Amino acid sequence: MVTNRKRKKRNAVSIEAYLWPGGVVPYVFATGYSKRLDARAMDVIMEETCIQYRPKEADDENWMQIGEESPGCFAMIGRGNTETTVNLAADCTNAMGRVQHELLHALGFWHEHSRSDRDDYVTVVWENIQEDSADNFEKRTSNIDNQNIGYDYGSVMHYAEDFFTKVEGEPTLVTSRPEGAAIGQRVLMSPSDYAGVNIRYGCPSMNR
Numbered sequence: 001m002v003t004n005r006k007r008k009k010r011n012a013v014s015i016e017a018y019l020w021p022g023g024v025v026p027y028v029f030a031t032g033y034s035k036r037l038d039a040r041a042m043d044v045i046m047e048e049t050c051i052q053y054r055p056k057e058a059d060d061e062n063w064m065q066i067g068e069e070s071p072g073c074f075a076m077i078g079r080g081n082t083e084t085t086v087n088l089a090a091d092c093t094n095a096m097g098r099v100q101h102e103l104l105h106a107l108g109f110w111h112e113h114s115r116s117d118r119d120d121y122v123t124v125v126w127e128n129i130q131e132d133s134a135d136n137f138e139k140r141t142s143n144i145d146n147q148n149i150g151y152d153y154g155s156v157m158h159y160a161e162d163f164f165t166k167v168e169g170e171p172t173l174v175t176s177r178p179e180g181a182a183i184g185q186r187v188l189m190s191p192s193d194y195a196g197v198n199i200r201y202g203c204p205s206m207n208r
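Every letter in the sequence shown is one number past the one before it in the UniProt record's numbering, and letter 102, counting from 1, is 102.
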């Protein structure tokens, strides 16, 4: 989830400055925070990519902090100047894909339905979207690198058809190729999600 409270908008997160050097992500859990699925979600990402999560050390200048600072699920996009916040309330950790969604934001990834080519695949029903959540549906500029990976309805970075609707039962996203395609799964990262990480971080022999 993108929130104005905790994320700076970055129109070019593919810029090297927003990636974690060498794919190494120092992390710390907030005091008193229950790890729930978080550690396992990081393990799975490490198994499928060259990303290396490790506990923060005293001399680390940049790190990711995971905790429950406030209600909701959100994270900063990419590596911050010092601390990159990942907020995971209790209801964010009932499925590994929900945790991975926020971890991917912290690695520098936007929502799938925010891709520059999204209009070929989904229609955003703006009138049904809660006003304070509209930025979650903004289309990124074409300088965001899609890495030659096709649009993926099955990505954990894709919203479901009714996310942030203000009209119960009415959609905020409508798929077009094909109509009625399932979107918004939070079971596990898709093959395209893993491929995106491997390509963006230049993982040797893992680009799939």
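Where a beta carbon is used, it is the ideal one built from N, C-alpha and C, also for glycine.
Fair warning: this is a prediction, and the values are worked out from it, not measured in the lab.
- Within the segment 103–132, the complete beta strand (DSSP E) runs of at least 3 residues fall at 122–124.
- Here the alpha carbon of K35 sits roughly 25 Å from the alpha carbon of P191.
- Under DSSP, Q185 shares a beta bridge with no residue.
- In the three-state reduction of the DSSP assignment, A89 falls in the coil class.
- Taken atom to atom, the span from the alpha-carbon of K139 to that of N62 is near 28 Å.
- The beta carbon of H105 lies closer than 6 Å to those of A75 and I77 in the same chain, with the five residues before and after it left out.
- Residue pairing for G67: DSSP places it in a beta bridge opposite N87.
- Within the same chain, T49 come within 6 Å of V197 by CB-CB distance, once the 5 residues on both sides are set aside.
- In this model, A181 and A30 are separated by some 38 Å (Cα to Cα).
- The criterion of a C-beta distance shorter than 8 Å is not satisfied by R186 and V167.
- Residues R36, L37, D38 and V99 of the same chain have their beta carbon placed closer than 8 Å to that of T93, with the five preceding and five following residues left out of the count.
- Per DSSP, P191 is not a residue of any beta strand (DSSP E); the alpha helix (DSSP H) it occupies stretches across P191 to R200.
- Out of A89, Y159 and P71, the CA that lies nearest to the CA of A134 is found in Y159.
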